[in-house]
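Below is one structure, written out as structure tokens; comments come after it.
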Amino acid sequence: MAIALSKYYQYLVQEQTEASGEIASSLAELEFEVKERHNGTALCHIIENIVNSSESHHLVLVADQFEELYTLTLEDERYSFLDALLKAVRTVPALTLVLTLRADFLGIVLDYQPMGKVLQQYPPLLLTPMDNEELRDAIEKPALRMKVELESGLTSKLINDVGDRPGRLPMLEFALTQLWSKQKNWYLTHKAYEEIGGLEKALAKHADEVLKSLSAVEEQLAERVFIQLVRPGEGTEDTKCVATRNEVGKENWGLVKRLADERLVVTGWDEIEKIETVEIVHEALIREWRTLREWIEANREFRIWQETGV
């Protein structure tokens, strides 16, 4: 639960160094109340104290990746938390709650009637995937504000390399972060992109670094997870596939979330089966990551048996 809720307070915690001691104390009390007790009345009281102690007299809570409430908590705990949170929204006029939620989780959110009624009252703003022009703006406009220039054609190269698949934005973020480490005199070049190995080799290198940060036991679990995310080819190339939480092992889901945070996998939600899913962020990992290739070869017969039953 602490993992799921931590994002609610991330911005506020960052600002605590500038806040008064009284407000900082109230924020700590707020986090404890929500995480440990789920007491709606007490939560409202604490929020009102924070608002009254601040100059703005208004509190905005931003809950990023709200879907984690549904993937990292038990049902009873989840509904208890939602009840407390919704009571605060209804009874404290000076509170504004902003949620971000993946579209594939909207159905499960609506299944809980109190939450569904709130979303009827406050319809969500739906964001569609970025097209290429929007991706171009996302790359070039922030760079322009920082007085950073990209070599001609580099933006198009980045967009083409990330492709059009789940995990597109995290992949672009990863590529730009790697590229920025090679910038010189506020200039990003094709040569620098080649030096990091392009998107595919840079991703494989990053995967190796993530693997080194795991314990021996976690590395073994990572192998079990990844081999379930590759469909072995028979006379054809191996391809990535979607696996459910059950298929990778419920006990491994914490590691899956960590790998997702590291931009190696993408998690989702199967609306029909009502279960979390995961897939490799980019097929470049299958082609370029040597460790994954070795895992696939070592487990090829087993995976073929899993896929075909023979």
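In case it helps, my numbering puts the sequence shown at residues 156 to 465.
All residues carry an ideal CB built from backbone N, CA and C; glycine is no exception.
Note that the structure is a prediction, hence the values are computed from the model and not measured.
Which residue wins for smallest C-alpha separation from D363, given the options L224, T422, R418 and D219?
Cα-wise, what sits closest to D363 is R418.
Provide the residue(s) that pair with N342 in DSSP beta bridges, ordered along the chain.
With the sequence shown as reference, residue 342 is identified as Tyr, and Asn is not the correct amino acid for it. In DSSP, Y342 forms a bridge with E304 and K339.
Pull up the distance between the alpha-carbon of D393 and that of L414, whole angstroms please.
For D393 and L414, the gap between their C-alpha atoms comes out near 21 Å.
Rounded to whole angstroms, what's the CA-CA distance from T251 to S370? Just pull it up for me.
If you take the alpha carbons of T251 and S370, they lie about 42 Å apart.
Beta-carbon proximity list for R442, same chain, < 7 Å, skipping 5 on both sides:
E355, listed in sequence order.
For D219, the first and last residue of its enclosing beta strand (DSSP E):
Taken as a continuous stretch (DSSP letters only), D219 belongs to no beta strand (DSSP E), as it is neither H nor E.
Between E462 and L410, how many whole angstroms is the CB-CB distance? I'm expecting something under 8 Å.
Cβ atoms of E462 and L410 stay farther apart than 8 Å, at about 23 Å.
Is W450 helix, strand or coil when you go by DSSP?
In this structure, W450 counts as helix in the three-state DSSP scheme.
Between the stretch 423-434 and the stretch 268-287, do at least 3 Cβ pairs fall closer than 8 Å?
By the C-beta criterion, the stretch 423-434 is judged not to be in contact with the stretch 268-287, since fewer than 3 inter-stretch pairs fall below 8 Å.
Could you tell me if M301 is buried or exposed, where buried requires 16 or more neighbouring beta carbons within 10 angstroms of its beta carbon?
When all chains shown are included, M301 counts as exposed.
So, are the CB atoms of R386 and G404 less than 8 Å apart?
No.
Contact check, E383 vs A398 under 8 Å by CB: the rounded distance?
Per the sequence shown, residue 383 should be read as Gln rather than Glu. Rounded to the nearest angstrom, the Cβ distance from Q383 to A398 is 4 Å, consistent with a contact under 8 Å.
Extent of the continuous beta strand (DSSP E) to which L254 belongs:
For L254, the enclosing beta strand (DSSP E) stretches over residues L250 to L254.
Under three-state DSSP, which class holds D319?
Correct three-state label for D319: coil.
According to DSSP, is G262 helix, strand or coil?
The answer is helix: DSSP assigns G262 an H, G or I state.
Where does N315 land, buried or exposed, given buried means 16+ other C-beta within 10 angstroms?
It is exposed - the Cβ of N315 has fewer than 16 other Cβ atoms within 10 Å.
Thinking just about the alpha-carbon of each residue, which of Y225, R233, L254 and T196 is nearest to the one in V217?
The residue from Y225, R233, L254 and T196 with its alpha-carbon nearest to that of V217 is L254.
Do you know offhand how far K360's Cα is from W444's?
For K360 and W444, the distance between alpha carbons rounds to 8 Å.
Endpoints, the alpha helix (DSSP H) within which W408 is located
Here the alpha helix (DSSP H) through W408 covers W408 to D416.
Can the beta-carbon of V317 be found less than 8 Å from the beta-carbon of A330?
V317 places its beta carbon less than 8 Å from that of A330.
Determine the DSSP secondary structure at V433, reduced to helix, strand or coil.
DSSP places V433 in strand when its eight states are reduced to three.
Residue range of the alpha helix (DSSP H) that includes V397:
For V397, there is no enclosing alpha helix (DSSP H), as DSSP gives it neither H nor E.
Closest by C-alpha distance to Y225, when choosing among F260, N287 and L240
Selected option, being the one with the closest Cα: F260.
Alpha carbon of I351 to alpha carbon of Y342, nearest angstrom:
Between I351 and Y342, the C-alpha separation is close to 15 Å.
First and last residue of the beta strand (DSSP E) that includes W424?
Note, W424: beta strand (DSSP E), V420 to D425.
Check each candidate in A249, K395 and V264 and name the one with the smallest Cα separation from E210.
The residue with the shortest Cα to Cα distance from E210 is A249.
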